[in-house]
Each structure stands twice: as structure tokens, then as C-alpha cells.
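Contents: one structure, followed by commentary.
In the working numbering, the protein residues as written are 3 to 344.
Now the structure itself:
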């Protein structure tokens, strides 16, 4: 198959069908998400559509999913996801668009069942939160004119995939620098899942700050898990039970930090008198913990609204100025950090 030319009109369905040796109705079925096409044939048609950059033309009358955005989470239920939902719904409402929520049952990879349901609607666009599409799944959306944007990508996406996130490396750097500037030298870290880009970036920022200060990185002071309270509690217990425990901990999320606070309380360890704690996200509850939590503010509402506007711009034929958006993070100092005990 020859490479697509950059000039001239886009090929018609009939021309693509002739090129592949299939019928025009078969190409049309693939474009419309019909399931009654053999998988091998579907793959060939989708590859050709993608190669020719063929996009489904919008119908004169609104299709079933017009005015609808599919917001896809691997898991819903945390305060973090609530902030993302708020931001998406605010931006969608301002644009006159409804939001439908999909949950992937804990997996960061979109299963085929979700994709088939989405294609049967189909929506104006898809927002994926800390989830990703496989190389085979992406053209099944794009060839049907359904754009997608990833919020807080879980890995390194291809260059053409639009993403919105925050500066996680600088966030980890700022949190750790703050603890080092207070005089701490035995600084631990509780990281998120190792496969997630944000986790790795925050931990890289932590390591960079240690290196700047001439403090050796000690892998015994690093724990990892998911971003939830239980993970922070479990990791906190392990760190605080070390023969030489840390005097400060940088947690990869506010929820992890809350679990760590519980572990410290159970052991009679005063925060911040005996132990300094920094969280990440600056969720609304961070100001209501005891003590109020020093944390890194991640602009979750702004990330969500920016991603929604980017998606709708793509859905309506716009050409965004940037397909990769990284918003700034900021350290918020409250009551959970202090100089180490003497």
C-alpha cells in the first residue's frame, strides 16, 4: 500500500474499498463501528483509513452521541477523581455538552467491551483519565472522527496523542527541597504505581533534590503502592518501624499522606514534632487534616477544564496550538512540616 499523499482530495469509501479488494459497505460498517466484520478485514480497513487519514464526515443531523463526552476512569471513588469530574462537567456545561462516566474496573488499559459500547453511541469525544488506548484501539476512534485526550497519562504516549497533565518532576523536587531546607537528611518517599509516568516523575524530582543537597539516595527509604489511604498507611508502618526511621516523608498523594498520619499516630509519633509529612495534589481535605497538610498543589480542576476544551476544539475541527499541556505545580506549606527533632 502506498503512503498517503499530502495533497489532493481524501479518498472516498469506494476508492478505499477498491484498493483493499472489499466492498464499500464493508468499509462503511467499519467506519460506523458495526461488529459484523471479520477481525482480519476490520484491521486491514482501519489501517487503510488511518494511512489515508480518512475521517468520518459529520452528518447534517446530529448522531446519537452528539453533544456527549465520554469521561473514562480506571477507577472512580477518590477525592482526586471527584476534582477531575467537577472540572470536566464545568467545562462541558459551559459548552452545552453532557458528560457520561465510564469506569474500567481498576485497569489502566481500556478493554474491548468499553470500546464497542463507545463506538455504538458514538460520543463527540473521549477523555481518558490515567488510562490509555492500545495501538490497535486508537484508529478505531480516530477513523470515525472521535477525538480523544488523555488526562494525567499513565505512560509515555505517542507524539500525536493529545495529553494534559502537570509538572510532576518539579512537584517532587519542590516537596523534597522543602524538607531538606528544614534540615532533614533522612527523607523517605512513598511513590505511586511504578508504571505511571507521574509516579516516576515525582520520584525523579525527589532523587534530584537529594543529589543537589549531597544526600545519598537510600532505596530502603522508598516504598510504592497505589495512591490510596491504605497504601500510605501500609508503607508508613514499614518506614516508621525501621531501626533508623526517617524524620520526614514525601508522599505521592494526599491520600497516602493521610494513611501515613494514621500510622504515625498509632506509634505515638508527633507530626511535625517527630516526623514531617508532605503530600501531593492539595485536595480540599488537605486543609482539614490534623495537622493541616503541607502538600504540592496539582491544578486538577484546571487540568480537567483544559482537557475538555482541547477535546471539544478537536471534535469541532479546530487545530489546537499545543497537543501536550503541562500545567505548573506549587508547594503549599501548612502545619505538617518542621525542622527535625534535635
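Beta carbons are placed, not taken as given, at the ideal position from N, Cα and C, and that holds for glycine.
Item                                                                                                                                                                          : Value
What does DSSP give as the partner residue(s) for residue 325 in the beta ladder?                                                                                             : Its beta-bridge partners do not exist; DSSP assigns none.
Alpha carbons only, please: which of 312, 279, 308 is nearest the one belonging to residue 298?                                                                               : 279
Tell me the rounded alpha-carbon separation between residue 204 and residue 28.                                                                                               : 48 Å
Among residues of its own chain, excluding the 5 on either side of residue 230, which ones have a beta-carbon nearer than 6 Å to its beta-carbon?                             : 257
Considering just the uninterrupted stretch of the beta strand (DSSP E) at residue 302, what are its terminal residues?                                                        : Unbroken run through residue 302 is the alpha helix (DSSP H), 302-317; no beta strand (DSSP E).
Is there contact here, the stretch 191-209 with the stretch 159-171, by at least three beta-carbon pairs under 8 Å?                                                           : yes
Does the beta-carbon distance from residue 276 to residue 343 come in below 7 Å?                                                                                              : yes
Let me know the secondary structure DSSP gives residue 83 once reduced to three states.                                                                                       : helix
Which stretch, first to last residue, makes up the alpha helix (DSSP H) that contains residue 102?                                                                            : Where residue 102 is concerned, there is no enclosing alpha helix (DSSP H), although the beta strand (DSSP E) it sits in stretches over 100-105.
Measuring CA to CA, which of 255, 336, 140 is closest to residue 234?                                                                                                         : 255
DSSP three-state call for residue 69: helix, strand or coil?                                                                                                                  : strand
Hey, which unbroken runs of the beta strand (DSSP E) at 3 residues or more fall wholly within the stretch 233-301?                                                            : 250-253, 278-280, 297-299
State the start and end residues of the unbroken alpha helix (DSSP H) segment that holds residue 141.                                                                         : 140-144
For the candidate residues 179, 150, 281, whose alpha-carbon lies nearest to that of residue 193?                                                                             : 281
Please name the residue, chosen from 213, 191, 147, 72, that lies closest to residue 153 on a Cα-to-Cα basis.                                                                 : 72
For residue 198, count neighbouring C-beta atoms within 10 Å of its own C-beta (all shown protein chains included) and say buried if the count is 16 or more, exposed if not. : buried
Compare the Cα-Cα distances from residue 131 to each of 119, 84, 122, 147 and report the closest residue.                                                                     : 84
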